[in-house]
């Protein structure tokens, strides 16, 4: 039986995945690689092609060109076998409002074929046990989202795909879901793909990050490397921009200036900032403001896309 | 897989009024004759010698319209189960074939319509027996008038299901449903090839069975085309 334990390096691997809607290209040449046991954060602004990509991973949409391999198998040929081991929550949760939470899960259970006790298990996991026999019609947005996550977990998937899973949840719900997602690879050996348009959301759970912009994957690496990109910088608003820049240069601190704004981006530790302020004061340059600026995801995108153009 | 999907579909039509409508249709059709015969039985008696056959013709005057109305309403209910919260993406991301999902929907709908035909047959028989027509019950004609319209209406069901399953805008199935009802209503002035005429069982050969057979054949063809189109499309 040695053949069956071939270790698959990537749980999800797409090659030049492309999707066009008429003339519009939604996803272009996407090469996504998700290693086993990772929590893959799929980041991008709204309309960047995240959901389209996820729909192609689930076989809901057919790629215009390129291929999708999940668990090392071609999605085109082995779709049903692959989907047996995948759980998903795409965009807004889908449910049958006239049925109860339990009945919704039961309808799904009949198809995926796990045992009935699993329904109570997933309801427990997402904290919906008390509402199991209420019609979903009366659920709040957060409860519906929890039900969506319960549905995704029902078949004990090896790959869990969650599209914006914290939508509509209150802060404590967000923390619960975050902790749940974090525990999945450890406890159940799951690989997780989680998409979001918020960097803050992704950076707290993901171990690997893929950033998509205008249909292209412009970045794919570990979360540590992304953190280096998203380093904050310190801005000084001063009386004389250029003089400040010179004086800091003399003090051995590299900055950029624009008008009366001098920005410090490479070293932003406390000691350097203190040195910089001292240098400015000594050179009799008035300091009006010292502000910390964390670069937003949009700015990182911008930087990354411009970099891409330069290459 | 079909067995599982059918059980799931039956579960999903709970509390949606499907069963109510399935009973309402045939009982409504016979109820119209209850009114008709209780008000003017003395007059109707003079119109024909074969009272049973005349009664069956009266009943079947309303069958096509009830059937086509039922198809429009049940089909749009059926598609709304998934369309309401766009549960297609949820359902079709499970290990199921799209062809099986389509077949399960069609099977449940035609099953309900067939059940309605059975009820029509029983209700027609029971009320007919209370009227004391004399002579034996024309069983063959009773079965023909009860079940041929079901087969003859299959093209309409297949067309309606196709439109409902692939339309993002639910205005389309409603439009098609209204057109189906209008065309069935004006069946008498339609040519033989128009399938809206078939549920009336009228054709130039004067053989009701032909209407049923054509319905079955053409219904299967439209079903296949609709299913292939559903499979080909990306999920909404």
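Chains as they are written, first to last, in our numbering: chain A, 264 to 574; chain R, 44 to 279.
The beta-carbon is built from N, C-alpha and C at its ideal position, and this holds for glycine as well.
Legend entry - Ranges of the alpha helix (DSSP H) found wholly within the region 189 to 276 of chain R, counting only runs of at least 4: 197 to 209, 214 to 228 and 251 to 275
Legend entry - In chain order, each beta strand (DSSP E) run of at least 3 residues that lies wholly inside the region 444 to 482 of chain A: 454 to 459 and 471 to 476
Legend entry - Inter-stretch contact (C-beta, 8 Å, three-pair minimum) for the region 260 to 268 of chain R and the region 195 to 202 of chain R: yes
Inset, instruction - Consult DSSP for residue 283(A) and reduce its assignment to one of helix, strand or coil. - result: Along the first chain, read from residue 1 onward, the residue named residue 283(A) stands at position 20. Here residue 283(A) sits in strand by DSSP.
Inset, instruction - Report all residues from its chain with a CB closer than 7 Å to the CB of residue 556(A); omit the five preceding and five following residues, and keep chain order. - result: Position 293 of the first chain, counted from the first residue, corresponds to residue 556(A). The answer, listed in chain order, is 495, 496 and 498.
Inset, instruction - Grab the span of the beta strand (DSSP E) containing residue 554(A) for me, first residue to last. - result: Numbered from its first residue, the first chain carries residue 554(A) at position 291. Unbroken beta strand (DSSP E) run through residue 554(A): 550 to 556.
Legend entry - Proximal residues, the region 217 to 240 of chain R versus chain A, C-beta separation under 9 Å: none
Inset, instruction - Under 9 Å between beta-carbons, which chain R residues line up against residue 530(A)? List them in chain order, please. - result: Counting from 1 along the first chain, the entry for residue 530(A) is found at position 267. Neighbours of residue 530(A) on chain R: none; closest Cβ ~48 Å, over 9 Å.
Inset, instruction - Pull up the distance between the alpha-carbon of residue 563(A) and that of residue 475(A), whole angstroms please. - result: As a first step, residue 563(A) is located in the first chain; it is residue number 300 there, counting from the start. As a first step, residue 475(A) is located in the first chain; it is residue number 212 there, counting from the start. C-alpha separation (whole angstroms): 12 Å.
Legend entry - chain A contact for residue 132(R) (CB, 8 Å cutoff): On the second chain, position 89 is the one that residue 132(R) refers to. So, interface residue.
Legend entry - For residue 276(A): DSSP bridge partner residues: In the first chain, the residue the question calls residue 276(A) occupies position 13. DSSP lists 296(A) and 332(A) as partners of residue 276(A).
Legend entry - Cutoff 8 Å: residue 347(A) Cβ touching any chain R Cβ: Counted from its first residue, the first chain places residue 347(A) at position 84. Closer than 8 Å: yes.
Inset, instruction - Grab me the residues of residue 342(A)'s own chain with a C-beta within less than 6 Å of its C-beta, minus the 5 sequence neighbours each way, in chain order. - result: Sequence index remark: in the first chain, residue 342(A) carries index 79 (1-based). 322, listed in sequence order.
Inset, instruction - Examine the ligand SAH and report whether any of its heavy atoms sits within less than 7 Å of the Cβ of residue 432(A). - result: Of the ligands one can find in the structure shown there are none, so the ligand SAH has no counterpart to examine.
Inset, instruction - Assuming residue 116(R) and residue 64(R) form a contact by the criterion Cβ under 8 Å, report the distance between their Cβ atoms to the nearest whole angstrom. - result: Walking along the second chain from the start, residue 116(R) turns up at place 73. Walking along the second chain from the start, residue 64(R) turns up at place 21. Their Cβ separation, rounded to whole angstroms, is 6 Å, which keeps residue 116(R) and residue 64(R) in contact under 8 Å.
Legend entry - Within chain A, partners of residue 124(R) - CB distance below 7 Å: As a position in the second chain, residue 124(R) is number 81, starting the count at 1. 359, listed in chain order.
Legend entry - Contacting positions in the region 458 to 479 of chain A - beta carbon closer than 7 Å to chain R: none
Inset, instruction - Measure from the C-beta of residue 375(A) to each C-beta in chain R and report whether the shortest distance is under 8 Å. - result: Translated into the one-based positions of the first chain, residue 375(A) becomes position 112. Yes, its Cβ sits closer than 8 Å to a Cβ of chain R.
Legend entry - C-alpha distance - residue 633(A) paired with residue 205(R), whole-angstrom precision: Summary: the structure shown does not reach residue 633(A), with chain A confined to residues 264 through 574, and so no result is reported for it.
Legend entry - Distance, residue 169(R) Cα to residue 112(R) Cα: By one-based count along the second chain, residue 112(R) stands at place 69. By one-based count along the second chain, residue 169(R) stands at place 126. Looking at the two C-alpha atoms, the distance is approximately 24 Å.
Inset, instruction - Answer yes or no: does any C-beta atom of chain R fall closer than 8 Å to that of residue 351(A)? - result: For the purposes of this step, residue 351(A) is identified with residue 88 of the first chain, where counting begins at 1. Taking Cβ atoms only, chain R reaches closer than 8 Å to residue 351(A), which makes this a yes.
Legend entry - Cβ-based burial, residue 359(A) [other Cβ within 10 Å; buried from 16]: For the purposes of this step, residue 359(A) is taken as the residue at position 96 of the first chain. So residue 359(A) counts as buried.
Legend entry - Helix, strand or coil at residue 500(A) [DSSP, three-state]: Working through the first chain from its first residue, we reach residue 500(A) at position 237. It is a strand residue.
Inset, instruction - Would you mind stating whether residue 290(A) and residue 312(A) have Cβ atoms separated by less than 8 Å? - result: The residue labelled residue 290(A) in the question sits at position 27 within the first chain. The residue labelled residue 312(A) in the question sits at position 49 within the first chain. Yes. Within cutoff.
Legend entry - Segment limits, beta strand (DSSP E) that includes residue 105(R): The sequence position of residue 105(R) within the second chain is 62, counting from 1. Counting along the chain, residue 105(R) falls outside any beta strand (DSSP E), and DSSP gives it neither H nor E.
Inset, instruction - Drop a sphere of 10 angstroms on the beta-carbon of residue 574(A), count the other beta-carbons inside from all chains shown, and report buried for 16 or more, exposed for fewer. - result: Numbered from its first residue, the first chain carries residue 574(A) at position 311. Reliability fails at residue 574(A), whose pLDDT of 44 lies under 50, so the model's placement of it is uncertain and no value is given.
Inset, instruction - Would you please state the rounded distance, in angstroms, between the beta carbons of residue 352(A) and residue 412(A)? I believe it to be under 8 Å. - result: Here residue 352(A) refers to the residue found at position 89 of the first chain. Here residue 412(A) refers to the residue found at position 149 of the first chain. Correct: roughly 6 Å between the Cβ atoms.
Legend entry - residue 55(R) versus residue 488(A): straight-line alpha-carbon distance, rounded: As a first step, residue 55(R) must be located in the second chain, where it is residue number 12. As a first step, residue 488(A) must be located in the first chain, where it is residue number 225. Whole-angstrom Cα-Cα distance: 48 Å.
Inset, instruction - Measure from the C-beta of residue 511(A) to each C-beta in chain R and report whether the shortest distance is under 8 Å. - result: As a first step, residue 511(A) must be located in the first chain, where it is residue number 248. Output row for residue 511(A): interface = no.
Inset, instruction - Go through its chain and collect everything with a Cβ distance to residue 467(A)'s Cβ below 7 Å, but skip five positions before and after it. - result: Taking the first residue of the first chain as 1, we reach residue 467(A) at position 204. For residue 467(A), where only same-chain residues beyond five positions count, the Cβ hits under 7 Å are 441.
Inset, instruction - Give the straight-line distance between the Cα atoms of residue 349(A) and residue 136(R), rounded to the nearest whole angstrom. - result: If you number the first chain from 1, residue 349(A) lands on position 86. If you number the second chain from 1, residue 136(R) lands on position 93. For residue 349(A) and residue 136(R), the distance between alpha carbons rounds to 8 Å.
Legend entry - residue 183(R) in three-state terms, based on DSSP: Taking the second chain and counting its residues from 1, one reaches residue 183(R) at position 140. Helix.
Inset, instruction - Determine whether the Cβ of residue 414(A) lies closer than 8 Å to any Cβ atom of chain R. - result: Here residue 414(A) corresponds to residue number 151 of the first chain, with the count starting at 1. Interface residue, yes.
Inset, instruction - State the DSSP-derived secondary structure class of residue 266(A), mapped to helix, strand or coil. - result: The count along the first chain starts at 1 and reaches residue 266(A) at position 3. Low per-residue confidence applies at residue 266(A): pLDDT is 48, beneath 50, and the placement is therefore not dependable, though the value from the model is reported in the following sentence. Helix at residue 266(A).
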